[in-house]
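In what follows, a structure is listed as structure tokens, so that the remarks can point back to it.
Residue numbers (the working numbering), protein chains in the order written: chain A, -15 to 231; chain B, 26 to 389.
Here it is in structure tokens:
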């Protein structure tokens, strides 16, 4: 168990260092922070800003940022295996005494650490609301937990897409399509008949599950949902790697 | 599909340790095969490799060399058959096998964004080596072995192909594996780098059991103890270069320069007149009567005042040739022994296998 954890930690550190040393990581971080800042400016300092409660402004901030985090998660994750296949370095991982699950977990946690860091870098915006209005730390903490969980679920989807191919563009299309489809489940739940209504609403990546987080309400079912989505796609990614050895 | 070029299983007694130690098997493959989407890429092949051997895998593109090496390295799982490395089952305990193996694929598995030492430290940690002074001293040792000291802090992306290949080799040996697998180690190197890589591999002999695949026939010839020749996914022959030459093509060529006790013109020898010519004819006749000799001819030109006789035999007959000529009263000025070049052995084997397959198909 200790050895297993150590292998995951070794891969995690390598992935995190790769993001910190690459233009790719900085471009994604800069784009997320810039767009989050622009949207925040429009929400909090725009012409109708004074009519809103601080908690509403914070909820809108989490809503807007959730979309950006999802896009950033796809962009960060789709290269995790495609790059390795293109350079040939994937052979190093495949022939090392580490399991496919350890490889997947190391890469996933490395990407999650970087995504969490750039998400938390938006914290100055809730702090600005706090200075000028009244919001609770609990609301801020739950909102960020929601962003990280949503990011983890989308990272897992992107990682799975990346495990399927050596072409980054194909992985990006696949990862984006799965994420987009899962985002659409919630709006689709309004136009389908029961019992599909509940099924679609329950499966939606956003909407019902994220709305509680953005309002500062923590429900165990939402946490379990995002962790389940992440687990499911990480498992699929592991199986995809195993399948490639048998092909 | 049988290729009747002989049983590919090695005679273990033949390759046993010269000191009489029992043959210590590192790799045992039986009925190993690999299919990619229904298309057979390898096998079934069976072979055994002993500790400390340096084995060359020889074959044309698509012969199955890389496939068999990737299976041995744990990168691929076999579709059928059994494989053990140091007694560890590669299918049931793949991680156990991967701990014993260092693998340098055709394209070095390097991260361009990492410095050389950081990369090697990462690969060592990935193979389970704990951080600490032991790891750092091993890294120093590996840098020295692979002559990477001048580029320790360089990013891999800034290195020449030769250095990248050495970094690839360094990661393969950093954890001191029992089995070292090198797939085309001289790939894309210039002649000077090829010589350097060959020297480096030679320096690793004795520390690891080494498997090498290469298109570079001289490299295989100079580096390896034994060859496995693959064609269309099957092992069609194996043995030392000399054994392959003797067993599969049956020709060894010996050139002798002889001189009669008394002076005489070369023309007489060819014309069959005078004492010299009679002597030469007698010498040729004596040599033709030796066991395993297939053909004896007069060679072209004159060397050191003597004539050249070429003897083609099924096995090495140098001692008998020399003795026969000396007993016949000739001075032996020079005796050269030439096996068939590896290229011609290789091509002969491949063409033989193709012919066999062709006749099999037409018979079917």
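C-beta atoms are modelled at their ideal positions from N, C-alpha and C, and glycine is treated no differently. Just so we're clear, the structure is a prediction, and the values are computed from it rather than from any experiment.
Quick one: list the residues of chain B neighbouring residue i, beta-carbon separation under 9 Å, in chain order.
i, result
"residue 116 of chain A", "Correct list: empty, because the minimum Cβ distance to chain B is about 42 Å."
"residue 222 of chain A", "Neighbours of residue 222 of chain A on chain B: none; closest Cβ ~14 Å, over 9 Å."
"residue 6 of chain A", "138"
Residues in the same chain with beta-carbon distance under 6 Å from residue i, minus the five sequence neighbours each way, listed in chain order, please.
i, result
"residue 344 of chain B", "none"
"residue 65 of chain A", "146, 147"
"residue 13 of chain A", "102"
"residue 88 of chain A", "218, 221, 222"
"residue 149 of chain A", "155"
"residue 292 of chain B", "The predicted position of residue 292 of chain B is uncertain, since its pLDDT is 38 and thus under 50; a value taken from the coordinates is nonetheless stated next. None."
"residue 69 of chain A", "150"
Taking the continuous beta strand (DSSP E) assigned at residue i, which residues delimit it?
i, result
"residue 140 of chain B", "Taken as a continuous stretch (DSSP letters only), residue 140 of chain B belongs to no beta strand (DSSP E), as it is neither H nor E."
"residue 17 of chain B", "This structure gives no information on residue 17 of chain B, because the portion of chain B shown stretches from 26 to 389."
"residue 75 of chain B", "64 to 75"
"residue 251 of chain B", "251 to 256"
"residue 105 of chain B", "105 to 110"
"residue 333 of chain B", "331 to 338"
"residue 208 of chain B", "204 to 208"
Which chain A residues sit within Cβ distance under 9 Å of residue i?
i, result
"residue 99 of chain B", "78, 79, 80, 81, 229"
"residue 351 of chain B", "Here the premise fails: no neighbours, minimum Cβ distance about 58 Å."
"residue 205 of chain B", "The premise fails here: residue 205 of chain B is roughly 12 Å from chain A at the closest Cβ pair, so nothing lies under 9 Å."
"residue 191 of chain B", "The premise fails here: residue 191 of chain B is roughly 15 Å from chain A at the closest Cβ pair, so nothing lies under 9 Å."
Residues in the same chain with beta-carbon distance under 7 Å from residue i, minus the five sequence neighbours each way, listed in chain order, please.
i, result
"residue 353 of chain B", "307, 308, 311"
"residue -3 of chain A", "none"
"residue 45 of chain A", "24, 27, 109, 110"
"residue 247 of chain B", "223"
"residue 55 of chain B", "71, 106, 107"
"residue 160 of chain A", "58"
"residue 295 of chain B", "Its pLDDT being 46, under 50, residue 295 of chain B is placed unreliably by the model, and the measurement read from it follows with that caveat. Closer than 7 Å at Cβ, skipping near neighbours: 323."
What would DSSP say about residue i, mapped onto helix, strand or coil?
i, result
"residue 37 of chain A", "coil"
"residue 214 of chain A", "helix"
"residue 234 of chain B", "strand"
"residue 263 of chain B", "strand"
"residue 242 of chain A", "One cannot answer for residue 242 of chain A here, as it falls past the ends of chain A, which runs -15 to 231."
"residue 181 of chain A", "helix"
"residue 277 of chain B", "strand"
"residue 73 of chain A", "coil"
"residue 128 of chain B", "strand"
"residue 61 of chain A", "helix"
"residue 87 of chain B", "coil"
"residue 284 of chain B", "strand"
"residue 98 of chain A", "helix"
"residue 360 of chain B", "strand"
"residue 195 of chain A", "helix"
"residue 175 of chain A", "coil"
"residue 114 of chain B", "strand"
"residue 79 of chain B", "strand"
If the cut is a Cβ gap below 8 Å, which residues of chain A does residue i touch?
i, result
"residue 136 of chain B", "-2, 2, 71, 73"
Are the CB atoms of residue i and residue j nearer to each other than 7 Å?
i, j, result
"residue 111 of chain B", "residue 250 of chain B", "no"
"residue 225 of chain A", "residue 84 of chain A", "yes"
"residue 57 of chain A", "residue 172 of chain A", "no"
"residue 203 of chain B", "residue 253 of chain B", "no"
"residue 181 of chain B", "residue 135 of chain B", "yes"
"residue 92 of chain A", "residue 218 of chain A", "yes"
"residue 59 of chain B", "residue 130 of chain B", "no"
"residue 113 of chain A", "residue 53 of chain A", "no"
"residue 81 of chain B", "residue 219 of chain B", "no"
"residue 200 of chain B", "residue 149 of chain B", "yes"
"residue 195 of chain B", "residue 229 of chain B", "no"
"residue 136 of chain A", "residue 214 of chain A", "yes"
"residue 48 of chain A", "residue 100 of chain B", "no"
Over what stretch of residues does the alpha helix (DSSP H) that includes residue i continue unbroken?
i, result
"residue 140 of chain A", "121 to 148"
"residue 11 of chain A", "7 to 28"
"residue 341 of chain B", "From DSSP, residue 341 of chain B is part of no alpha helix (DSSP H); its letter is neither H nor E."
"residue 247 of chain B", "242 to 248"
"residue 54 of chain B", "Not the alpha helix (DSSP H): residue 54 of chain B falls in the beta strand (DSSP E), residues 50 to 61."
"residue 154 of chain B", "Here residue 154 of chain B belongs to no alpha helix (DSSP H), and DSSP marks it neither H nor E."
"residue 83 of chain A", "Premise fails: residue 83 of chain A is in no alpha helix (DSSP H) and is neither H nor E."
Mind pulling the chain B residues with CB within less than 8 Å of residue i?
i, result
"residue -9 of chain A", "151, 153"
"residue 62 of chain A", "The premise fails here: residue 62 of chain A is roughly 18 Å from chain B at the closest Cβ pair, so nothing lies under 8 Å."
Cutting at 8 Å between CB atoms, please list the residues of its own chain near residue i, excluding the five before and the five after it.
i, result
"residue -11 of chain A", "none"
"residue 284 of chain B", "329, 330, 331, 332, 355, 356, 358"
"residue 140 of chain B", "177, 178, 179, 180, 181"
Please compile the residues from chain A whose C-beta is within a distance smaller than 7 Å of the C-beta of residue i.
i, result
"residue 148 of chain B", "76"
"residue 130 of chain B", "72, 75"
"residue 126 of chain B", "79"
"residue 61 of chain B", "231"
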